[in-house]
Every structure is written in C-alpha cells, then in structure tokens.
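Residue numbers (the working numbering), protein chains in the order written: chain A, 120 to 338; chain B, 1282 to 1645.
Note that beta-carbon positions come from the ideal geometry of N, C-alpha and C, so glycine has one too.
Computed from a predicted model, the values in this text were never measured in an experiment.
Each remark here refers to the structure printed beneath this line.
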Amino acid sequence: MTTVAFLDFVRGPLFQIAVAIFFAGLFIRFVEILVLGRKTDFSEPRQSGTGAGFKTVFSRSVPEAGTFKRSAFTIIAGYVFHIGLFVALVFLAPHIALVRDTTGLSWPNLPTPVVDFATVAAIGALVAILVNRMRDKVLRFLTGFEDYVAWTATFLPLLTGYMAFHHLLLRYELMLALHILSVELLLVVFPFTKLMHTFTLFLSRWYTGSAFGRKGVQS
Amino acid sequence: MPAHETLGEMLAARGISRRAFLKYTSWLATLMALPPGMAPAMAEELAKAKRQSVIWLSFQECTGCTESITRSFSPTLEDLIFNFISLDYHHTLQAASGEAAEHAREAAMAENKGKYVVVVDGSVPVKDGGIYSTIAGISNLQMLEETVADSLAVIAVGTCAAYGGIPHANPNPTGAVAISELVKGKPVINIPGCPPIPEAMTGTIAYLLSFGKLPDLDTLGRPLAFFGESIHDRCYRRPFYERGLFAKDFDDEGARSGWCLFEVGCKGPITYNACATLKWNGGVSFPIQSGHGCLGCSEPDFWDKGGFYRPLSTPLRDITPTAAVAAGIGAAAGLAAGALHRAIKKDAAKNHHTVTVDNLEKSS
Ligand code: SF4
C-alpha cells in the first residue's frame, strides 16, 4: 500500500469505524450509568442539591491547600497536561476545520506558536507524570495495564500531531496518517477505559455535590 | 526541420551558442540536483546525443498533457530538444492518419528495435477485453503490449498514464489502469500531473539522452529531481501556515491577504511536484499563487479524496450519519444493559436469604 493510499484508508473507512465505536461506546456507558441510577434518598433534604451539584463541578477543579502541599507535582503536571491538551485539541486551525466541515460550527484559531507551546508543555507533562509514576513505588504498584494504555493513547496523538504539523522525521502524508491512526486508537479505547472521565467527571462531581448539598454540608 | 545527426549539430544550425547551451545544462543540473560539475559533461553528452526515436501513445486522455508540453513556451532550448527527438508516432501531432499512421508506428518499431522510447499519456481500459478505447480497431491494451515489447523504456506522462487518473476515478466504469500496472520488465518513469509540468518532461528526456540511463525515481516511479519535494515544502504561503494564519473562504480577509489555503482544501502538504518552484507558463504563476489551493493532481486518486475544497484534516466522508447511528445503537445497548443489571439487582434482592448463625453452623 502506498503512503497516500494509507492516508486515504485512515481518513476514510478506518475513521468511520473508529467514530462508530467511539459514539456507540460513549452512549452505552452513559445510558447504562443513568439507567442504573442511585438509590432514592428518602431523607428530607436540608436544601436543594442542584445548585450545590453545579458548584461542585467547578469547585473540585481547585485543589485544597493541604492536598496541593502533599502532591504539588501531580497537580501542577496534571493542570499543564490538561490545559495543553485542551488548547491543542480545540484551538489548532486544522482541528477547527474538521469541526466546521462536520458540524458547520467554528471559532477563531490560536496562533501556531501558542498551540505549539501548549502541545510541547502537554507532552512534557505527560512524560514527567509517567517518569514520576515509574519512580514512585506506591504509584507504580497502583498502576495497571489499563493506565498504560490510557497514557499511550493520549500521548501518541499529541506527539504525532506535533510532528506532522511541523514536518518532522517522516514525510507529512505518512506522519499525518499516523496521527489520524493514533487518534482512531484513542477514539476506540476512550469509552472503555478511564479516559471516559472526560465526560463522567461532570456526572460524578455533580452527584457528589448534590448529595452533600442535600445534607447541607460543604463539598 | 532538416534531419541533423546529433543534437549539437541541430543547435548549431539554429544559432544556439555553446555558452547558451552550457547555461541550459547548468540550469538543468541544478534543477535535477546534480553536482554542479556535471553541467559541462551533460552539455557534451547532450550535444553528441543522436536523435532518439519516440513513439507517443495517447489512450484514455484529454490531450491536456500534449497541450501542456507543446504550448509550454517557445522557442526555448527545451522546445528544441523536444523538436529534436524523433517523434515517430503521435496521434495528435502527426499529419498521417488511419492506416498510414499505424504503419509509421510499426516502421519505427522495426527500425529502432530495442532502442525507442515509448511515451504514453492516458490510462488503459481493461474491462470487457479493453473494448472501451480503440485506435484503428486495435484496443489500447493490445497496442501498448505490442509497442512496449521492443522498447528501451516507457515514460508515463500525466496522472492518467501514471496512476489511472480521471478515467480511474470512482466508479471507474472502463476498468482503467495505470501504465506501470501493465508494463512488466521495462523501466517505467512516471511524470504525473494534470497536466504535468513541461520542464519535468523535457528535463527527464534530456537526462535520458545525456546519461543514457533513468534518473533517480521515488517509490511512485517519479523523477526525484522534480517530485522530491512537496508543494508545501516550497510554497511561498508557508510562513502563514507556520503562524497559523489561514484563509477560511475564497473571499475573506485572509484570502485577500494571501494567507495559507489549507482550510479551503489545499492538498499542497501531500503533493509532490515542482509547481511551487518551476511554476507554469514559463514561470509566471501556479495555482496557489492565483489564490486556489493545490488539487494534488500529481498524486494517485486525487479525484477521489473527498473534495477539492475540504481540508486535509477532515475525514474523507461525512461522519455524522455514522456517529448518529452508532449513538442510537449505543443508547439502545446501554438501555438494555442497564435494564438487565437492574433486573439482576432486583432478583438478587428478592432471593436474598438472611443468614442466621444456625445456617452457618449447619454448613460447617
Ligand atoms: S497554501 Fe497549501 S501548500 Fe501553501 S503553505 Fe498553505 S497548505 Fe501549504
């Protein structure tokens, strides 16, 4: 298969398959969680939990002073990675072009140097997090196969995307094809691994917040 | 044109000085990334070159390739070299027609057995025994096989000949294929493009004449000298790409300011050709300079890449129907799984037996 045919294959049928698995998986998990539900809380609520739920969705993004002191590295590296990934994913012009092509929605892109900075920072943070994990005995013990899969599936699109945009190492069409392939891998594993937290995080934070809210305690 | 034995004689008769000729070979050497010292040797060899017999076959094509090469620019050295080759058979350019034309082809083949070069433009239909394109009652397939059998080398000119091109586009009703798929055991040089750049064509012929061998080719059989770099590598709009400044439309501020055309579908990053450096019409302009993205015409299947105006970062086909169907199936499966697990939970609660101390004693 020529490189161009490979690129056509990953942009064509393989992308369709990956998108199908991604959306099917996403909905299976979400709907199942919602259908299963939680036990009804019959106690009389002190206050409505809704507001507290929404508040917690945001407030839990800010680390507590004590926690920050204990795990400053994890928190900072985590922030750098998440923000970097978000910027690269949402503000790179070719990504916006994809969304516009699919949905008609669009927004202004950030200058390439800014996206570059964010991408390199995210890559660096991911590497640092992994090294830290390998060096810390407890963390290493707690890390399972799935965690490594999630790390790899997130790392590869960032790396290949950066290299494709800047024409590093391989010819652009091959690197672009590898980038799209790595994104397809990410899409496929996404709903079935911890990566699902991207969406479920809001559900669980809201649930915790509202439960606490009903009890009238701070969350 | 009086028949001159060698190219040197012909050029001398046309009043081309050796200096001018050296200048041309230096330019060619630079163009083809040969060491600078090669230019005089090339001039020498080229001057000594004998008339090369060329049989030009046109199959499923639009004549754009011939138009491009003959109307490129006049009269220049490339033009003269092109005139110098002995074009023994060319459907479009020859005066003879019908059987006389076919005789000319056969005569040239017999006379220059094993030494003539076959240039092909157009693809060959192979479906239903190749009946979809015939010349003088001979199918393209048969004519190609016959003509190529005793040739020295084959040059597939244009995207149709190189990869099947537009006749090969989905759904390919005539079963069109590339020349390289049919020619076995002979070297095939591909000079794709829709049409190809004239200099890529004459440059390759000049190289063949002066060195008597094929130039270096890439994996798709294209001379690296002309197809070694992508349009994007040499595009003058590249600084805008690097800075993230993209035209979103053909009539927006970005388009008017000459920004990068990636988002309006430019295929320059995956297209290998010399348009950005050699340009067209004697170096006047090229598509990107005129404000239109590169179509990627020198790449296989450029016609079937999901649309000329869709960016490279988009999927080839619309993903929304797939996503919608998948989401529906997923939601149904989620409902089913949820209901099943609820039922299991309910069942477990119903069948729950309270364990007493007595039970425990009995079982132990
Ligand atoms: S216009 Fe096309 S070839 Fe030029 S820099 Fe932009 S994407 Fe690359």
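If we ignore side chains and look at the alpha-carbon of each, how far apart do residue i and residue j end up?
i                : j                : result
S1298 of chain B : H214 of chain A  : 56 Å
H286 of chain A  : D1431 of chain B : 43 Å
A1450 of chain B : N1554 of chain B : 21 Å
L1526 of chain B : I242 of chain A  : 24 Å
M1282 of chain B : V1469 of chain B : Here the model assigns M1282 of chain B a pLDDT of 43, short of 50, so the residue's position is not dependable, and the following value carries that caveat. Near 30 Å, if we compare the C-alpha coordinates of V1469 of chain B and M1282 of chain B.
F128 of chain A  : I1600 of chain B : 14 Å
G197 of chain A  : R259 of chain A  : 17 Å
A191 of chain A  : G185 of chain A  : 10 Å
M294 of chain A  : A1612 of chain B : 35 Å
G1587 of chain B : Q1570 of chain B : 23 Å
T273 of chain A  : F149 of chain A  : 21 Å
F331 of chain A  : L153 of chain A  : 19 Å
L1303 of chain B : P1321 of chain B : 6 Å
R1598 of chain B : Q135 of chain A  : 8 Å
E183 of chain A  : L1616 of chain B : 38 Å
G1609 of chain B : L145 of chain A  : 11 Å
T1455 of chain B : I1478 of chain B : 27 Å
G1493 of chain B : S1367 of chain B : 16 Å
R254 of chain A  : S329 of chain A  : 38 Å
Are residue i and residue j close, meaning C-beta to C-beta below 8 Å?
i                : j                : result
V1429 of chain B : V1405 of chain B : no
I1460 of chain B : V1401 of chain B : yes
R130 of chain A  : I248 of chain A  : no
A1443 of chain B : N1471 of chain B : yes
K1329 of chain B : G1296 of chain B : no
L133 of chain A  : E292 of chain A  : no
P1592 of chain B : D220 of chain A  : yes
A171 of chain A  : G203 of chain A  : no
A210 of chain A  : L229 of chain A  : It is Phe, not Ala, that sits at residue 210 of chain A in the sequence shown. It is a contact, given that the beta carbons lie within the stated cut-off.
T1552 of chain B : C1575 of chain B : yes
A296 of chain A  : T1603 of chain B : no
V1438 of chain B : C1578 of chain B : no
L245 of chain A  : W226 of chain A  : no
Does the Cβ of residue i have 16 or more other Cβ atoms within 10 Å, making it buried, or fewer, making it exposed?
i                : result
H316 of chain A  : exposed
N1562 of chain B : exposed
F1583 of chain B : buried
M1424 of chain B : buried
I1486 of chain B : buried
S1491 of chain B : buried
V336 of chain A  : exposed
L1315 of chain B : buried
A141 of chain A  : Looking at the sequence provided, one finds Phe at residue 141 of chain A rather than Ala. The residue is buried, with at least 16 neighbouring Cβ atoms inside 10 Å.
E1348 of chain B : exposed
How would you list, in chain order, the residues of chain B whose beta-carbon sits under 8 Å from the beta-carbon of residue i?
i               : result
P276 of chain A : Per Cβ cutoff of 8 Å: no residues; P276 of chain A is ~13 Å from chain B at best.
L229 of chain A : G1525
P182 of chain A : By Cβ distance, chain B contributes nothing, its closest Cβ being about 32 Å from P182 of chain A, past 8 Å.
P213 of chain A : F1543, E1544, P1592, L1593, S1594
Could you list which residues in chain B have their beta carbon closer than 9 Å to that of residue i, in chain order?
i               : result
G131 of chain A : G1587, P1596, L1597, R1598
T221 of chain A : T1595, P1596, D1599, I1600, T1601, A1604
V234 of chain A : G1525
Give the interface partners of residue i over in chain A, defined as CB-CB distance under 9 Å, in chain order.
i                : result
D1582 of chain B : V123, A124, D127
I1551 of chain B : T122, V123, L126, R290, Y291, E292, L295
Quick one: list the residues of chain A neighbouring residue i, beta-carbon separation under 7 Å, in chain order.
i                : result
T1603 of chain B : Q135, V138, A139
Give the interface partners of residue i over in chain B, defined as CB-CB distance under 7 Å, in chain order.
i               : result
A216 of chain A : E1544, P1592, S1594, T1595
V307 of chain A : Going along chain B, no residue has its Cβ under 7 Å from V307 of chain A, so there is no contact; the nearest lies around 12 Å.
Discussion item. Using a Cβ-Cβ cutoff of 7 Å, what residues of the segment 1606-1631 of chain B are near chain A? List them in chain order.
Written reply: Of all residues in the segment 1606-1631 of chain B, only A1607, A1608, I1610, G1611, A1612, A1614, G1615, L1616, A1618, G1619, A1620, H1622, R1623 come within less than 7 Å of chain A when Cβ atoms are compared, listed by chain position.
Legend entry - Contacting positions in the segment 142-155 of chain A - beta carbon closer than 9 Å to chain B: Legend: CB atoms of the segment 142-155 of chain A lying less than 9 Å from CB atoms of chain B belong to residues F142, A143, G144, L145, F146, I147, R148, F149, V150, E151, I152, L153, V154, L155.
Determine which residues of the segment 1537-1549 of chain B have a Cβ less than 8 Å from any Cβ of chain A, and write them out in chain order. Hits within the stretch, in order: F1543, E1544.
Could you run through the segment 1487-1520 of chain B and flag, in chain order, every residue whose CB is less than 8 Å away from some CB of chain A?
Taking 8 Å as the Cβ-Cβ cut-off against chain A, the residues of the segment 1487-1520 of chain B that qualify are T1500, L1501, S1511, H1513, D1514.
Taking only beta carbons into account, state which residues of the segment 1286-1300 of chain B come closer than 7 Å to chain A, listed in chain order. The segment 1286-1300 of chain B vs chain A, Cβ under 7 Å: nothing.
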